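See below for the structure under consideration.
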Amino acid sequence: MRLTLLFLMLFMGACSFAQMTPTYDDILIPMRDGLNLEADVYIPAGADSAEVILIQTPYNKDLFIWSLPMGVGMNVDTQPFIWVVVDWRGFYGSIGAATAQPNRGEDAYDVCEWIVDQVWHKDRIGTWGPSALGGVQYNLARENHPNHTCAVPLVAHAHQAYDTYFTGGVLEKARLEQLDALGYGLSPLILANTYYSSVWQFSENSSWMAPDIKIPTLQIGGWYDHNIDKMMDFYSSSRTDADASVLDQQWLLVGPWVHGGSGAAYVGSAIQGELTYPDAEFKSDTMAWDFLQYYLLDTPNNWQNTDLITYYKTGLNQWATSNSTSIESLTNDVLYLNANNQLVSNNAIGSSAFISDPANPSPTIGGATLHSSLNQGPYDQISLESRNDILTFSTGDLPQDVSVSGRVTIDVFIEADQADCDISVRLVDVYPDNRNMLITDGIARMRFRNGYTQTDEAFMSPGNVYSRQIELPFTNYTWLAGHQIKIYVGGNNSYRYDVNLQNGDAMYTAGDTNIANITVHHNNSYPSKITLPGSNSFLGTQVLEEVQLMVYPNPAADVLTIDTDMSLNHVSVLDLYGRIVIDRENAQKKINISELKSGIYLLQISDGTRKIERRFVKY
Numbered sequence: 002m003r004l005t006l007l008f009l010m011l012f013m014g015a016c017s018f019a020q021m022t023p024t025y026d027d028i029l030i031p032m033r034d035g036l037n038l039e040a041d042v043y044i045p046a047g048a049d050s051a052e053v054i055l056i057q058t059p060y061n062k063d064l065f066i067w068s069l070p071m072g073v074g075m076n077v078d079t080q081p082f083i084w085v086v087v088d089w090r091g092f093y094g095s096i097g098a099a100t101a102q103p104n105r106g107e108d109a110y111d112v113c114e115w116i117v118d119q120v121w122h123k124d125r126i127g128t129w130g131p132s133a134l135g136g137v138q139y140n141l142a143r144e145n146h147p148n149h150t151c152a153v154p155l156v157a158h159a160h161q162a163y164d165t166y167f168t169g170g171v172l173e174k175a176r177l178e179q180l181d182a183l184g185y186g187l188s189p190l191i192l193a194n195t196y197y198s199s200v201w202q203f204s205e206n207s208s209w210m211a212p213d214i215k216i217p218t219l220q221i222g223g224w225y226d227h228n229i230d231k232m233m234d235f236y237s238s239s240r241t242d243a244d245a246s247v248l249d250q251q252w253l254l255v256g257p258w259v260h261g262g263s264g265a266a267y268v269g270s271a272i273q274g275e276l277t278y279p280d281a282e283f284k285s286d287t288m289a290w291d292f293l294q295y296y297l298l299d300t301p302n303n304w305q306n307t308d309l310i311t312y313y314k315t316g317l318n319q320w321a322t323s324n325s326t327s328i329e330s331l332t333n334d335v336l337y338l339n340a341n342n343q344l345v346s347n348n349a350i351g352s353s354a355f356i357s358d359p360a361n362p363s364p365t366i367g368g369a370t371l372h373s374s375l376n377q378g379p380y381d382q383i384s385l386e387s388r389n390d391i392l393t394f395s396t397g398d399l400p401q402d403v404s405v406s407g408r409v410t411i412d413v414f415i416e417a418d419q420a421d422c423d424i425s426v427r428l429v430d431v432y433p434d435n436r437n438m439l440i441t442d443g444i445a446r447m448r449f450r451n452g453y454t455q456t457d458e459a460f461m462s463p464g465n466v467y468s469r470q471i472e473l474p475f476t477n478y479t480w481l482a483g484h485q486i487k488i489y490v491g492g493n494n495s496y497r498y499d500v501n502l503q504n505g506d507a508m509y510t511a512g513d514t515n516i517a518n519i520t521v522h523h524n525n526s527y528p529s530k531i532t533l534p535g536s537n538s539f540l541g542t543q544v545l546e547e548v549q550l551m552v553y554p555n556p557a558a559d560v561l562t563i564d565t566d567m568s569l570n571h572v573s574v575l576d577l578y579g580r581i582v583i584d585r586e587n588a589q590k591k592i593n594i595s596e597l598k599s600g601i602y603l604l605q606i607s608d609g610t611r612k613i614e615r616r617f618v619k620y
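Just so we're aligned, residue 2 is where the sequence shown starts under my numbering, counting upward by one.
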């Protein structure tokens, strides 16, 4: 209930402890099967009739007595719309209409039929809502009700696909559990279909609704939302596959936003995780308001000349627009994983190893999560570097900005001493103050390297090397000059994703856990790499070239030796909070660390043009 309340209240805007009284409270709307859905209706004082904004919710319509969305708050009488808020069949006030397989589209159509028959309705119906409240708008659009004029789905898509729940073959456990807690009860169905099959094929084909769109839409998403990847594909398809009459009336707004539902961050708020975006605050409200006024009220607000895509360039922290069907880059840049924790522009050398212990998985720290126990949005990942189940690979300080738009992919060559394991990747921006801020992340299960059907399943054998690609969700990001591109590579990301037991047995069942020793190869024979969707030709400059550097002993007690071909113009040691505890100009190759407390530290070395980092342990 706490998550449900937060989910709606945050999307609807600031509210006070006062509450509104609906004009019509708990009114029953008849469905074609003879059952009824319960609804509240809010009519501005003095309005004989008006256009309607319809909201269909599984999260309790009564919560809207505290505030209406898009900045309306409790000021029903100072805005021009009638609001109809309906509980989904089987939820809250409509619990008595529960059926085994509800057709949300037909229910929504019947609600529209009821609205049209009311004396207070003029002739148009717009729809609005986030997440599930957004997906159901596509169900209604498929039914093609003649009065359904336009739709504003936020952080939503309607596509029920295998990879909606299984990222790289790995169950997004936390999100499924949260959906169950909200009343959807999906776990039995999802866990009965852990491989790709005809069940998923049917679900995917029957829930792809882009060709069914016959009305204008404003699709609103967030770069830190778990739905963003499918939203970007769906939007592109709506620009090419929707009805010809509305192909040029499909708009997209993507901001630096999370999904919402827990914590202070939501679509349209300034604070997102540990970062703040003041110029993104309320952008979703103002654009939705303009869109709905234009299509429902014929307001001459010039909406028709709005560029079709408005998106936030995170990193640069500025808005941009486009009229293309997609903002995905058509060119790529490649960096290779290298020894000494580097990302380099040429083929690399060596290999790196880590362990993966299912009994002690690396923790989820922010990201595109959906669970009441997990933070959402960009968070500093630096604390992961104190663990022995994480590898890091990074560039030096960038001499110029690096921009990406699309899906970053990581191709790795893996050797392990267990039959199965997962490879998780977190992409971060290393700030000059040593914050390692998460951009996006992904994961892939090794047994599914050949595909996701049960016949595709293939286990590993010790001594053999296997390739696996991890595709990260669509993102638009710019690393500023002086920052570093960095990836964290590990075996898990828990509690968000299911933890692989690594025993090669059946998935998602109790069983023994095996510790896996995992090697990532990165050499001419096995060139593990990261592919960036962008055009940043300077990535081959010397700042990214291999640097000879050894730091020993590690762990160290009193003296740390730096063996490198770099000039030690500046040497700093930082603790895990980013505080500088040692700072030396023109340093010697031996650094006295005897006064440091035991723990994990970061050594930073600069020769004036390059900056390299190494992690060490003081005991």
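All C-beta atoms, glycine included, are put in the ideal place defined by N, C-alpha and C.
Note that the structure is a prediction, hence the values are computed from the model and not measured.
If residue i and residue j are in contact, beta carbons under 8 Å, what's the gap, nearest whole angstrom?
{"i": "S374", "j": "Y496", "result": "7 Å"}
{"i": "V259", "j": "Y225", "result": "4 Å"}
{"i": "F414", "j": "H522", "result": "4 Å"}
{"i": "P81", "j": "L298", "result": "6 Å"}
{"i": "A482", "j": "D402", "result": "6 Å"}
{"i": "T128", "j": "L141", "result": "6 Å"}
{"i": "W304", "j": "Y313", "result": "Not quite, the Cβ-Cβ distance comes to about 20 Å (not below 8 Å), so this is no contact."}
{"i": "T311", "j": "S404", "result": "T311 to S404, Cβ: 17 Å. No contact."}
{"i": "N518", "j": "I356", "result": "6 Å"}
{"i": "N302", "j": "D291", "result": "5 Å"}
{"i": "Y509", "j": "T195", "result": "6 Å"}
Are there 16 or more other CB atoms within 10 angstroms of the CB of residue i, so buried, or fewer, so exposed?
{"i": "G464", "result": "exposed"}
{"i": "S353", "result": "buried"}
{"i": "Q315", "result": "Residue identity differs from the one stated: residue 315 is Thr in this sequence, not Gln. By the 10 Å Cβ count, T315 comes out buried."}
{"i": "D49", "result": "exposed"}
{"i": "L38", "result": "buried"}
{"i": "R580", "result": "exposed"}
{"i": "A557", "result": "buried"}
{"i": "G274", "result": "buried"}
{"i": "V153", "result": "buried"}
{"i": "L545", "result": "In this prediction, L545 scores a pLDDT of 48, lower than 50, which makes its location untrustworthy; the coordinate-derived value is nonetheless stated afterwards. Under this definition L545 is a buried residue."}
{"i": "I116", "result": "buried"}
{"i": "Y202", "result": "A small fix is needed here, since residue 202 is Gln in this sequence, not Tyr. Exposed."}
{"i": "P147", "result": "exposed"}
{"i": "Y620", "result": "exposed"}
{"i": "A51", "result": "buried"}
{"i": "A98", "result": "buried"}
{"i": "T370", "result": "buried"}
Got a sec? Which residues, its chain only, sit under 8 Å from residue i by beta carbon, not counting five neighbours each side?
{"i": "A271", "result": "T277, Y278, P279, A281, E282"}
{"i": "G47", "result": "D78"}
{"i": "T520", "result": "S352, S353, A354, I415, E416, A417"}
In chain order, what residues of the same chain lie with their CB nearer than 7 Å to the CB of residue i, ignoring the 5 residues before and after it?
{"i": "Q20", "result": "I66, W67"}
{"i": "G407", "result": "E329, S330, F475, P534"}
{"i": "N494", "result": "S363, T365, S425, D442, I444"}
{"i": "Y166", "result": "L172, E173, L177, I191"}
{"i": "L187", "result": "L177, L180, D181"}
{"i": "D499", "result": "V171, L172, K174, Y509"}
Can you list, in chain order, the residues of its chain with a C-beta nearer than 6 Å to that of residue i? Leave out the 5 residues immediately preceding and following it.
{"i": "S568", "result": "D608"}
{"i": "D564", "result": "M551"}
{"i": "A585", "result": "In the sequence on display, residue 585 carries Arg and not Ala. Closer than 6 Å at the Cβ level, and outside the excluded window around R585, lie V572."}
{"i": "D559", "result": "S595"}
{"i": "A420", "result": "F460, M461, G505"}
{"i": "L155", "result": "P131, G135, I221, V268"}
{"i": "M1", "result": "Nothing about residue 1 can be reported from this structure: the residues present for the chain run from 2 to 620 only."}
Should residue i be counted as a contact of the ligand MG given a C-beta to heavy atom distance under 7 Å?
{"i": "N194", "result": "As for the ligand MG, it is missing from this structure, which has no ligand bound."}
(message) With a threshold of 8 Å, are at least 3 pairs of Cβ atoms found where one atom belongs to the segment 177-187 and the other to the segment 323-335?
(response) No, they do not touch.
(request) Mind the definition here: the segment 216-223 touches the segment 390-409 only if three or more C-beta pairs lie below 8 Å; say whether that holds. (result) Here the segment 216-223 does not lie against the segment 390-409, with fewer than 3 beta-carbon pairs under 8 Å apart.
(request) Take every Cβ of the segment 332-352, pair it with every Cβ of the segment 530-537, and state whether three or more of those distances are shorter than 8 Å. (result) Flag = yes, the segment 332-352 and the segment 530-537 touch.
(message) Going residue by residue through the segment 27-54, where are the continuous alpha helix (DSSP H) segments of at least 4 residues, counting only ones entirely within it?
(response) Qualifying alpha helix (DSSP H) stretches: none in this window.
(message) To test your reading of the DSSP string, which unbroken alpha helix (DSSP H) runs of 4 or more residues are found completely within the segment 186-259?
(response) Listed in chain order, the complete alpha helix (DSSP H) runs (minimum 4 residues) inside the segment 186-259 are 188-192, 199-207, 229-242.
(request) Enumerate, from N- to C-terminal direction, the unbroken alpha helix (DSSP H) stretches of 4 or more residues contained entirely within the segment 477-565. (result) No alpha helix (DSSP H) of 4 residues or more sits fully in the segment 477-565.
(request) Taking 8 Å as the threshold, find out whether the segment 379-391 comes into contact with the segment 357-369 through three or more Cβ pairs. (result) Yes, the segment 379-391 is in contact with the segment 357-369.
(request) Say whether the segment 596-607 touches the segment 558-575, bearing in mind that this needs 3 or more beta-carbon pairs closer than 8 Å, one atom from each stretch. (result) Output reads yes: the segment 558-575 touches the segment 596-607.
(request) Could you say if the segment 120-135 and the segment 52-65 meet the contact criterion of at least three C-beta pairs nearer than 8 Å? (result) By the criterion of at least three beta-carbon pairs nearer than 8 Å, the segment 120-135 is in contact with the segment 52-65.
(request) Counting only runs of 3+ residues fully inside the segment 345-392, write out the beta strand (DSSP E) ranges in chain order. (result) List check, beta strand (DSSP E) in window: 352-357.
(message) Check whether the segment 22-30 and the segment 67-76 are in contact - that is, three or more C-beta pairs closer than 8 Å.
(response) They do not touch, by the three-pair rule.
(message) Ignoring anything shorter than 3 residues, give me the beta strand (DSSP E) runs that lie fully in the segment 306-336, in order along the chain.
(response) Whole beta strand (DSSP E) segments, 3+ residues: 310-314, 319-323.
(message) As an exercise, report each continuous beta strand (DSSP E) stretch of at least 3 residues that is fully enclosed by the segment 73-158, in chain order.
(response) Given a length threshold of 3 residues, each whole run of the beta strand (DSSP E) inside the segment 73-158 is given here in chain order: 83-88, 122-131, 149-155.
(request) Any chance you could list the beta strand (DSSP E) runs of at least 3 consecutive residues sitting entirely within the segment 413-457, in chain order? (result) Those beta strand (DSSP E) runs which fall completely within the segment 413-457 and span 3+ residues are 423-431, 437-446.
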